[in-house]
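Numbering (the numbering used here), first residue to last: 4 to 309.
All C-beta atoms, glycine included, are put in the ideal place defined by N, C-alpha and C.
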């Protein structure tokens with residue numbers, strides 16, 4: 004089934020080439036069903052790349068999805084044109100009177116900063132608080148996950164001495180839990196971050212459960228027991244070459260980064276990386292949309308439970 008986006012969005016061409024069913028507004032309104040309303044607050048600098056990655060994952064279900072792209076009003080993007088943002092994005096102020104079935108808050112390259120020093124921190128706090136009453140289920144990703152854990156549960160992020168970068172093996176700790184239903188006992192996922200959270204801090208919070216973790220990369224998936232919040236510390240939405248792009252970017256900056264672990268064949272950055280995580284990535288978002296959004300959100304969003 005289709006994902007409904009403006010056909011002029013750059014992601015549309017990429018998705019169509021991959022034989023993903025993309026539907027425009029005119030065709031969607033002729034279908035006698037209510038699409039799921041999903042908002043994506045895109046905090047990443049390369050917004051076109053990131054929006055394409057998430058739209059690809061959200062499109063792989065039998066559900067029609069109406070996407071709203073959000074950007075912060077309190078921060079000016081340096082890597083995405085004003086024309087693109089004006090055409091395809093809305094600010095929080097433009098949508099805060101609406102209700103949504105789901106919300107995704109992406110990662111952001113601000114991990115070295117304290118939360119209060121991020122220029123859009125107050126705006127993000129407002130969005131997270133708004134989501135409690137206006138969004139049925141929210142997915143927080145990477146830095147967004149650390150921000151969400153702190154705002155919602157007071158859990159501090161831990162700054163790391165070295166970057167966690169690579170593709171790591173994870174243990175599925177709760178295979179019966181719907182979000183990870185169908186996952187293998189062990190699966191791979193990419194990470195690219197300078198922060199983490201302590202297991203004991205998660206365990207102290209009675210509202211949260213740990214669904215998956217890695218011996219090397221630490222906590223990966225955390226769920227609120229009410230199904231309204233999920234926290235993903237990695238980047239399963241990444242394309243096969245995203246870690247390589249980041250590695251080459253840091254090399255060009257003279258940062259002298261470590262080679263991403265378990266990513267390049269034989270740990271040789273001259274060799275073509277191979278994606279080993281896309282099946283689990285698609286299943287993660289399909290499970291979220293099915294079990295925690297579609298199966299639970301009211302048909303009339305004005306009847307949403309607080």
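Under a Cβ-count criterion, where at least 16 other Cβ atoms within 10 Å of its own Cβ denotes burial, should residue 147 be classed as buried or exposed? Taking the chain shown and counting its residues from 1, one reaches residue 147 at position 144. The residue is buried, with at least 16 neighbouring Cβ atoms inside 10 Å.
Sorted by chain position, which residues of the same chain lie with C-beta nearer than 6 Å to residue 40's C-beta, five sequence neighbours on each side aside? Indexing the chain shown from 1 puts residue 40 at position 37. Result list for residue 40: 69, 103, 104, in chain order.
I'd like to check one pair, residue 144 with residue 110: are the Cβ atoms closer than 8 Å? Taking the chain shown and counting its residues from 1, the one referred to as residue 110 is at position 107. Taking the chain shown and counting its residues from 1, the one referred to as residue 144 is at position 141. In this structure, residue 144 lies closer than 8 Å to residue 110 by Cβ.
What are the residues that DSSP puts in a beta bridge with residue 232? On the chain shown, position 229 is the one that residue 232 refers to. Note: residue 232 sits in a beta bridge opposite 141.
Just grab the DSSP bridge partners of residue 71 for me. Along the chain shown, read from residue 1 onward, the residue named residue 71 stands at position 68. Note: residue 71 sits in a beta bridge opposite 42.
Taking 8 Å as the cut-off, does the stretch 153-165 touch the stretch 204-220 (at least 3 CB pairs, one atom from each stretch)? yes
Is it buried or exposed, residue 240, if we count other Cβ atoms within 10 angstroms and call 16 or more buried? Position 237 of the chain shown, counted from the first residue, corresponds to residue 240. Here residue 240 is buried, its C-beta having at least 16 other C-beta atoms within 10 Å.
Rounded to whole angstroms, what is the Cα-Cα separation between residue 264 and residue 215? By 1-based counting over the chain shown, the position of residue 264 is 261. By 1-based counting over the chain shown, the position of residue 215 is 212. Straight-line Cα distance between these residues: approximately 19 Å.
Does the contact criterion of 3 or more C-beta pairs under 8 Å hold for the stretch 217-237 versus the stretch 165-185? yes
Among the residues of its own chain, which have a CB less than 8 Å from the CB of residue 49, if the five just before and after it don't count? Taking the first residue of the chain shown as 1, we reach residue 49 at position 46. The residues are 82, 83.
According to DSSP, is residue 193 helix, strand or coil? What you label residue 193 is simply residue 190 of the chain shown in a count that begins at 1. Strand, per DSSP.
Taking C-alpha atoms, which residue in 224, 203, 246, 13 lies nearest to residue 87? Position 84 of the chain shown, counting from 1, holds the residue named residue 87. Measuring from the Cα of residue 87, the nearest candidate turns out to be 13.
Minimum Cβ-Cβ distance from residue 115 to chain B less than 8 Å: Protein chains in the displayed structure number just one, and chain B is not present.
In angstroms with no decimal places, state the Cα-to-Cα distance between residue 77 and residue 95. As a first step, residue 77 is located in the chain shown; it is residue number 74 there, counting from the start. As a first step, residue 95 is located in the chain shown; it is residue number 92 there, counting from the start. Looking at the two C-alpha atoms, the distance is approximately 10 Å.
Who are the Cβ neighbours of residue 217 in its own chain at under 7 Å, not counting the five residues just before and after it? Looking up residue 217 in the chain shown gives position 214. Around residue 217: 171, 172, 173, 223.
So, helix, strand or coil for residue 274, using DSSP? Along the chain shown, one-based indexing puts residue 274 at 271. It is coil, neither helix nor strand.
Would you tell me roughly how many angstroms separate the C-alpha atoms of residue 53 and residue 97, rounded to the nearest one? As a working note, residue 53 is residue 50 in the chain shown. As a working note, residue 97 is residue 94 in the chain shown. Rounded to the nearest angstrom, the two C-alpha atoms are 21 Å apart.
Straight-line CA distance for residue 297 to residue 269? On the chain shown, residue 297 is found 294 positions in, with the first residue counted as 1. On the chain shown, residue 269 is found 266 positions in, with the first residue counted as 1. Near 42 Å, if we compare the C-alpha coordinates of residue 269 and residue 297.
How is the alpha helix (DSSP H) around residue 151 delimited, first residue to last? Position 148 of the chain shown, counted from the start, is the residue given in the question as residue 151. Taken as a continuous stretch (DSSP letters only), the alpha helix (DSSP H) holding residue 151 covers 146-156.
At what residue ranges does the stretch 276-306 contain a whole run of the beta strand (DSSP E), taking only runs of 3 or more? none
Near residue 219, which residues of its chain fall below 6 Å by C-beta distance, leaving aside the five closest residues on each side in sequence? Walking along the chain shown from the start, residue 219 turns up at place 216. Closer than 6 Å at Cβ, skipping near neighbours: 171.
Environment of residue 56 [buried if 16+ CB atoms lie within 10 Å]: For this step, residue 56 is matched to residue 53 along the chain shown. Flag for residue 56 reads buried.
Expected contact under 8 Å - CB spacing of residue 276 and residue 266 to nearest Å: For this step, residue 276 is matched to residue 273 along the chain shown. For this step, residue 266 is matched to residue 263 along the chain shown. That belief holds up - the Cβ atoms of residue 276 and residue 266 are roughly 5 Å apart, short of 8 Å.
Local conformation of residue 49 per DSSP, three classes: Residue 49 sits at position 46 when you count from the first residue of the chain shown. If DSSP states are grouped into helix, strand and coil, residue 49 belongs with coil.
Neighbourhood of residue 302 by C-beta distance below 8 Å, restricted to the same chain and skipping five residues each side: On the chain shown, position 299 is the one that residue 302 refers to. Excluding positions up to five away in sequence, the list reads 37.
Nearest CA to the CA of residue 305: which residue from 63, 74, 100? Residue 305 sits at position 302 when you count from the first residue of the chain shown. Of the listed residues, the one whose Cα sits closest to residue 305 is 100.
Roughly how many angstroms separate the alpha carbons of residue 85 and residue 122, rounded to a whole number? Locating residue 85 in the chain shown gives position 82, counting from the first residue. Locating residue 122 in the chain shown gives position 119, counting from the first residue. If you draw a straight line from the Cα of residue 85 to the Cα of residue 122, it comes to about 19 Å.
Looking at residue 193 and residue 238, is the spacing between their C-beta atoms short of 8 Å? By 1-based counting over the chain shown, the position of residue 238 is 235. By 1-based counting over the chain shown, the position of residue 193 is 190. A contact, by the Cβ cut-off of 8 Å.
Taking residue 223 as part of the beta strand (DSSP E), name the residues at either end of that continuous run. Against the chain shown, residue 223 aligns to sequence position 220. Note, residue 223: beta strand (DSSP E), 221-227.
Shortest alpha-carbon distance to residue 11 belongs to which of 90, 131, 293, 150? For the purposes of this step, residue 11 is taken as residue 8 along the chain shown, with counting starting at 1. The option with the nearest alpha carbon to residue 11 is 90.
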